[in-house]
Amino acid sequence: MPNLEELRDQQRANVAQRREFVKRWAEHVRDTADEEWSAEVNVVIDSQYEGSATHD
């Protein structure tokens with residue numbers, strides 16, 4: 001079982017990974033045409049709706 005310090009290390013690593021993802025995503029949004037970016041986001045949103053419909 002992990003001790004408290006190991007859990008804190010894991011949490012720090014998780015936060016760092018999320019920050020890096022947000023930075024990459026923001027860069028992608030800035031550098032991608034609105035039409036292309038919008039189409040990509042629609043795919044993600046639609047897949048979430050499809051996934052939730054199977055759980056109703």
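Okay, so the sequence shown: first residue is 1 according to the working numbering, each after it adds one. Note that the Cβ used here is the ideal one computed from N, Cα and C, for glycine as well.
What residues in its chain sit with their C-beta under 8 Å from that of residue i, if we drop five residues either side in the sequence?
i: H28; result: W37
i: P2; result: Q10
Suppose the cutoff is 6 Å on Cβ atoms and the five residues either side in sequence are ignored; what does the same chain contact list for residue i look like?
i: N14; result: none
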